[in-house]
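As structure tokens, the structure follows; a few thoughts come after it.
Protein chains: 2
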Amino acid sequence: MQGLPKKASREQSKLHNYRLVFKAIYDGGAISRVDVARLTNLTPTTVSSNVAILLDEGLVQEVGLAPSGGGKPATLLSVLDDGRHLIGLDVAGHELRGTIINLRGAIRQRQTLALNGGNVLEQLYQLIDQLLANTHNPVLGIGIGAPGVINTTAGVVQQAVNLGWHNLALRDLLGKRYGLPVYLANDSHVTAIAEHTFGSQRNAPNLVVINIGLGIGAGIFINGRIVGGDAWGAGEIGHVVVQPNGILCRCGHYGCLETVASTSALLTKLDATLPQAEPWTIAAIQAALANNEPTVRAIIDEAAHYLGIAIANVVGLLNAQFVILAGSLAQLGNDLLQPLRRSLAHHALQTLVAATDVQVSTLGSDIVTLGAAALLLANELGIVRD
Amino acid sequence: MQGLPKKASREQSKLHNYRLVFKAIYDGGAISRVDVARLTNLTPTTVSSNVAILLDEGLVQEVGLAPSGGGKPATLLSVLDDGRHLIGLDVAGHELRGTIINLRGAIRQRQTLALNGGNVLEQLYQLIDQLLANTHNPVLGIGIGAPGVINTTAGVVQQAVNLGWHNLALRDLLGKRYGLPVYLANDSHVTAIAEHTFGSQRNAPNLVVINIGLGIGAGIFINGRIVGGDAWGAGEIGHVVVQPNGILCRCGHYGCLETVASTSALLTKLDATLPQAEPWTIAAIQAALANNEPTVRAIIDEAAHYLGIAIANVVGLLNAQFVILAGSLAQLGNDLLQPLRRSLAHHALQTLVAATDVQVSTLGSDIVTLGAAALLLANELGIVRD
DNA sequence: CTCACTTAGTAAATTCATTGGAATAAGTTA
DNA sequence: TAACTTATTCCAATGAATTTACTAAGTGAG
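Chains A and B supply the protein sequences, listed in that same order.
Read in order, the letters of the first sequence correspond to residues 0 to 385 in numbering that gives the first Met the number 0.
Read in order, the letters of the second sequence correspond to residues 0 to 385 in numbering that gives the first Met the number 0.
Below you can see the structure in the form of structure tokens.
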């Protein structure tokens, strides 16, 4: 029962085609006006006029001539990678992370602020002030990934227990203070946007990113769009029950995926099973796996088993070709992937498994800030699929 | 790595706004030109000119005057419900079902053809010929729902084991033969389209329809669009493992949802547990439940338990507000819904469960043909969300 | 009953992004 | 050097939406 679609107007067409030209150049690397026209089916005239605007805006530059193919050599165009800088913020549980990236996702600045227990919003202002103070390129806007239930359309943090935020109109607050476009989204959703924009499977229309850290959350692209859910709660797979009669979860149920496969659950289990002088860490797990420590491997295999079941559910439901693991546990790489793929093969249709590619993210710990900044690319510049 | 979005042209704008006007009238029931303009943000002039075309095309009619509100009374417009007739076909396992419906989904003709073991395509032609012979309204086109893997974009049945079809270019075959637009899609997907177009939650942006019959399949709407999947295999939840070490399924795995909750599994189980003179049927189950037969109720409760787990997975992943049960098992109504809702509450986050509404379809056994015809409404007339 | 006012809808003039065709730029090849 | 290619720009034409003005057809106050 939503409203009707928007009307089409000349301005809309203009904007659409302008963005289309930009996207073609963005994807094309170094491309001539004619080739943009061929790619987009726009006429050379339309392309030229839009390119003129892009040159004027400082988003695109001419980068030389193509070798002639028997006629006038084409002038190659390319995105001016640092023509805009984007601010991406990661409001994590214990610290604020902020990066400034360029249009290609190259990190130009990185700032971290450990939360001091005081007003989180004030500290967020402080971090943004710091980032802005050190930038001299035009800033496109601010993108934010935060845990909790976030209404991306309204720009409101509806619920973020850890931060003590409730119905906080973060977009309007920051927009007013900095005079810049602001976008926010749930951190799990944002990791999917990061993969979709900068990851190894960029632009894949269907893409599921599974974030395994303190909890487990998923970000989902379907038909080229992020899935928010009707109550902005899509991707909450951490609390799907995979082990009937399992351990009590913080959510009140028993045997949630989080209780058997989150990084924190694994570390807790290792601390209990194989106590060491220091608490277990991911690095320690990696070392133990390198030495083929059987107990550690068994524990990882078990987690992979349950992750495989959860992913079988996802793949069975959505038939998304790419499933990407991110978050701290993803650092285990093949030690996690191999048993996980075996489990997946046991729990989903053969043809679907064959059509699925489970990988580990290559974006590292900046994934949330990258994705947050990518919100700007999508919304302000249209670097995103139809 | 798909192609770029399409360019915007004047013709596209025109078509878009034309469809927008039609949709406003379709949704509005009886609505004036000015109100269409208000609703769509189009100017009265643009609305008038498009309405003129719609009147001319016989898609819309003037149906009288609205009471005056202190000025010239508005002329009310309404869709000419039988201005077009749509052919919807259900290529089921053992028979072909065909209906002709009008623009509102009212059934105008119904034909059935029991498959005789011969060439299915020839029998399909025969059915369509029969339907066409008895219609005298302009026919908008042909929509088809069929089991198997169907590439909706290409209009090709890639794989339909039961029908012996493999890479059959059904759209082109029928299009050539009848000179009408043809659309096809997987039958589970088509049921979701039926619900989205004609069901109790029409136009819900996120909607999951679960079909329980011989097998179990889901049709999914996310962000107002049907989910096809990268290999056209979305919704294959019948083969998600819900019972580790369960019964062997036809897919080769053990404990698939289909083995514990499909109508056929239930009937088989009843025949084994409570043998009767006649084999068990849905009607017999309903009768037994009305008498509170404990064994039957226990068996249904168990199936509902597993369906609840599967739906918990769906809801956790997608946070779709509406989940609708269809297919033969849905006829059990509250006897199925109540234990299912209990199971769901035990297997998903409380907040998500509270934001979910599980219902039983009201569209009955015509759901596939209705959905197949709705493919035409969506693709030919744009009766579908942005 | 008439006049002022309101609302619906149409007509004519205007705008402007795309288009199509011609012109120009700048090479290659016979 | 002339003929041909290919890239790009220039310019008039197109046409869908918009703006503005106008007509149609009612209500309500005096």
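For each residue, glycine too, the CB sits at the ideal point set by N, CA and C.
Just so you know, these numbers come straight off a predicted model, no measurement behind them.
Where serine 12(B) sits in the DSSP three-state scheme: helix
If you measure beta-carbon to beta-carbon, which residues of the region 3-15 of chain B are closer than 9 Å to chain A? Leu3, Pro4, Lys5, Lys6, Ala7, Ser8, Arg9, Gln11, Ser12, Lys13, Leu14, His15
If you count every other CB in all the chains shown that lies within 10 Å of the CB of valine 160(A), and 16 or more means buried, which is it? exposed
Give the straight-line distance between the Cα atoms of alanine 297(A) and histidine 304(A), rounded to the nearest whole angstrom. 10 Å
Confirm, please, whether the CB-CB distance from lysine 6(B) to threonine 39(A) is below 7 Å. yes
Helix, strand or coil at serine 261(A) according to DSSP, with G and I counted as helix: coil
Is the shortest distance between the beta-carbon of histidine 304(B) and the beta-carbons of chain A less than 7 Å? no
Decide yes or no for the touch test of the region 10-19 of chain B against the region 51-62 of chain A: beta carbon pairs closer than 8 Å, at least 3 of them. no
At a Cβ threshold of 7 Å, is valine 240(A) touching chain B? yes
Is methionine 0(A) close to chain B? Criterion is C-beta to C-beta, closer than 7 Å. Since pLDDT at methionine 0(A) reaches only 43, below the 50 mark, its modelled position is unreliable, and no value is offered.
Compare the Cα-Cα distances from alanine 311(A) to each of Thr280(A), Arg341(A), Glu292(A), Ala289(A) and report the closest residue. Arg341(A)
Using a beta-carbon distance below 7 Å, is isoleucine 386(A) in contact with chain B? The shown model of chain A, from 0 to 385, leaves out residue 386(A), and the question about it has no answer.
Would you say isoleucine 299(A) lies against chain B (beta-carbon separation less than 7 Å)? no
Give the secondary structure of valine 352(A) by DSSP, where H, G and I count as helix, E and B as strand, and everything else as coil. helix
Around the C-beta of leucine 380(A), are 16 or more other C-beta atoms found within 10 angstroms, so that it is buried, or is it exposed? buried
Buried or exposed by the 16-neighbour rule on C-beta atoms within 10 Å, applied to alanine 132(B): exposed
Go to glutamate 61(B), then tell me how far its beta strand (DSSP E) extends in each direction, as first and last residue. 59-64
Three-way DSSP call (helix, strand, coil) for isoleucine 298(A) in this model: helix
Inter-stretch contact (C-beta, 8 Å, three-pair minimum) for the region 158-178 of chain A and the region 59-71 of chain A: no
Nearest-angstrom Cα separation, counted from glycine 212(B) out to glutamine 200(A): 37 Å
Around the Cβ of glutamine 330(B), are there at least 16 other Cβ atoms within 10 angstroms (buried) or fewer (exposed)? buried
From the DSSP output, in three-state form, read off leucine 328(A) for me. helix
Three-state secondary structure (DSSP) of methionine 0(A): Bear in mind that the predicted position of methionine 0(A) carries a pLDDT of just 43, short of 50, making it too unreliable to give a figure here.
With contact counted as at least three CB pairs below 8 Å, one residue from each stretch, are the region 92-101 of chain A and the region 111-127 of chain A in contact? yes
On the three-state DSSP scale, how would you describe serine 31(B)? strand
Of all the beta strand (DSSP E) runs that stay within the bounds of the region 106-152 of chain B, which reach a length of 3 or more residues? 106-113, 138-145, 148-150
What are the uninterrupted segments assigned as alpha helix (DSSP H) that are 4 or more residues long and contained completely in the region 140-222 of chain A, given in chain order? 169-177, 186-197
Interface residues of the region 343-364 of chain B facing chain A [CB-CB below 9 Å]: His345, His346, Ala347, Leu348, Gln349, Thr350, Leu351, Ala353, Ala354, Thr355
Rank Ala105(A), Gly223(A), Glu301(A) by C-alpha distance to the C-alpha of proline 4(B) and give the top, closest one. Gly223(A)
Tell me whether the region 348-367 of chain B and the region 256-270 of chain A touch, counting them as touching only if at least three CB pairs, one residue from each stretch, are closer than 8 Å. no
Proximity below 7 Å, CB of phenylalanine 220(B) to CB of histidine 188(B): no
Which residue comes first and which comes last in the beta strand (DSSP E) that contains glycine 87(B)? 84-90
Closer than 7 Å, CB to CB, is aspartate 229(A) near chain B or not? yes
What do you reckon, is the C-beta of glycine 69(B) under 6 Å from a heavy atom of the ligand SAH? Within the structure as shown, the ligand SAH is missing, as the structure has no ligands at all.
So for threonine 74(B), helix, strand or coil by DSSP? strand
Which residues of chain A have a Cβ atom closer than 7 Å to the Cβ of glycine 315(B), listed in chain order? Glu235, Ile236, His238, Val239
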